[in-house]
Amino acid sequence: MSSESEPRSGVAAPRRPVRALARLAGVTVLAGTLIAGASATAVAAPSVSVDAVTASAASSAAADAATRPPRTTHGPCAYTETPEEPAARPVPLPPDPRRTPDRGTVRVTLATNHGPIGLSLDRAAAPCTVQSFLHLVRKDFYDRTSCHRLTAYPTLSVLQCGDPSGTGEGGPGYRYRDELPTDLPPAPTDPTGVRRLYERGVLAMANAGPDTNGSQFFLVYADSALRPNYTIFGEVDAVGLATLDRIAAGGVAPTAEDPAPVDGAPALPVDIRRAVRSHHHH
Numbered sequence: 002m003s004s005e006s007e008p009r010s011g012v013a014a015p016r017r018p019v020r021a022l023a024r025l026a027g028v029t030v031l032a033g034t035l036i037a038g039a040s041a042t043a044v045a046a047p048s049v050s051v052d053a054v055t056a057s058a059a060s061s062a063a064a065d066a067a068t069r070p071p072r073t074t075h076g077p078c079a080y081t082e083t084p085e086e087p088a089a090r091p092v093p094l095p096p097d098p099r100r101t102p103d104r105g106t107v108r109v110t111l112a113t114n115h116g117p118i119g120l121s122l123d124r125a126a127a128p129c130t131v132q133s134f135l136h137l138v139r140k141d142f143y144d145r146t147s148c149h150r151l152t153a154y155p156t157l158s159v160l161q162c163g164d165p166s167g168t169g170e171g172g173p174g175y176r177y178r179d180e181l182p183t184d185l186p187p188a189p190t191d192p193t194g195v196r197r198l199y200e201r202g203v204l205a206m207a208n209a210g211p212d213t214n215g216s217q218f219f220l221v222y223a224d225s226a227l228r229p230n231y232t233i234f235g236e237v238d239a240v241g242l243a244t245l246d247r248i249a250a251g252g253v254a255p256t257a258e259d260p261a262p263v264d265g266a267p268a269l270p271v272d273i274r275r276a277v278r279s280h281h282h283h
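Remember, our numbering sits 1 above the position in the sequence shown when you count from 1.
What follows is the structure in structure tokens.
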């Protein structure tokens, strides 16, 4: 039995849901594994150059938010503010038109310090997710951020990114519903049939439980076995997979507690310098 951790997480602390791939087998459930909940710690995270002014503005904004109900957009995606999880980097709610675009693909390139990672976003598979992701790209939310987690389990091989705080607890200050895959083949490594195959090249959202999508996403660099609880919204191109392979080959950074970890910060730090949408139509 493995005790891998999925891109969703159990709740580490009551106020701070971590977005993670929850433990695969749940034998030894460690807190916070593929994490993506925003929290106050996100404001003062080392990877974001936040000054005292920004921090005080964020805390007063959080106080304002506590005195009124969370805003929700009026379209079909119903993006909803999360006052209890303020944004790791200020960003408005996404547009939510009555007719959410649900056809075609959109190209986005993550320019990283290890080379480009090209993404093809699938509007038909997850229209609300693609709309949110493109909104965050347009608002430079992902620029100058780090990918905080690499896993190297036999049945979970992913790079997790999308938190400007670099802690695994940061998000965009809003959440939205799942758009879960329904046609994934069973994972060959799971005789129970519960876990599905998230193939090499899949681009999916990390979460902190049902309908808690935010900004954190994961890139699958080798076939992985997960419960189908993670929205798949696109795929990584061949050049991007070559970049991911270089990152994965570096392994997970050792710690004092674990000299040879299979889950943690990448040993080769991964910085997304810029996320850019290509406007060519496909």
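Here a beta-carbon is modelled for each residue, glycine too, at the ideal position from N, C-alpha and C. Quick caveat: nothing in here was measured; it's all calculated off a predicted structure.
Of Arg150, Gly171, Pro128, Asp123, the smallest CA-CA separation from phenylalanine 142 is found for Gly171. For glutamate 7 and threonine 190, the gap between their C-alpha atoms comes out near 15 Å. One thing to note: aspartate 144 has its Cβ no nearer than 8 Å to the Cβ of arginine 124. Annotated three-state conformation of cysteine 148 is coil, per DSSP. Every beta strand (DSSP E) stretch that sits fully inside the region 94 to 179 and reaches 3 residues is listed by chain position as 106 to 113, 116 to 123, 150 to 152, 158 to 162. For histidine 136, the CB contacts under 7 Å within the same chain, skipping 5 residues up- and downstream, are Pro95, Pro96 in chain order.
Residue environment for arginine 100: exposed (fewer than 16 other C-beta atoms within 10 angstroms of its C-beta). DSSP links leucine 227 through a beta bridge to Arg197. Beta bridge pairing from DSSP links alanine 205 with Phe219, Ile233. Under the DSSP definition of a beta bridge, valine 277 partners with Thr110.
About 19 Å separates the beta carbons of tyrosine 175 and alanine 205, which is beyond the 8 Å limit, so they are not a contact pair. The C-beta distance from alanine 268 to glycine 251 rounds to 4 Å, short enough to fall under 8 Å. Contact check for alanine 249 and alanine 153: beta-carbon distance about 7 Å, within the 8 Å limit, so the pair qualifies. For aspartate 246, the three-state secondary structure derived from DSSP is helix. Each of Val203, Leu198, Arg150, Tyr177 was checked against the Cα of threonine 74, and the nearest Cα belongs to Tyr177. By the criterion of a C-beta distance shorter than 6 Å, alanine 112 is surrounded in its chain by Arg274, Arg275, once the five residues flanking it on both sides are discounted. Burial state of glycine 215 is buried, judged by a 10 Å Cβ sphere holding 16 or more other Cβ atoms.
Cβ neighbours of proline 93 within its own chain (closer than 8 Å, five residues either side excluded): Lys140.
Taking C-alpha positions only, glycine 265 is separated from threonine 168 by approximately 11 Å. With a 10 Å radius around the Cβ and a threshold of 16 neighbouring Cβ atoms, aspartate 259 comes out exposed.
Contact annotation, leucine 160 with valine 271: C-beta distance approximately 7 Å; criterion of less than 8 Å satisfied. Apart from sequence neighbours up to five positions away, the residues of its chain that approach cysteine 148 with a beta-carbon distance below 6 Å are Leu160, Cys162, Val271, ordered along the chain. Straight-line spacing of the CA atoms in valine 109 and histidine 280 works out to 9 Å. Arginine 69 is classed as exposed because its beta carbon has fewer than 16 other beta carbons within 10 Å across all chains shown. Under the three-state reduction of DSSP output, glycine 241 falls in the helix class.
Per the C-alpha coordinates, the member of Leu181, Pro155, Arg201, Leu220 positioned closest to glycine 210 is Leu181. Residue burial is scored here from C-beta neighbours: threonine 213 has at least 16 other C-beta atoms within 10 angstroms and is therefore classed as buried. DSSP, reduced to helix, strand and coil, places proline 255 outside both helices and strands of the structure shown, so it counts as coil.
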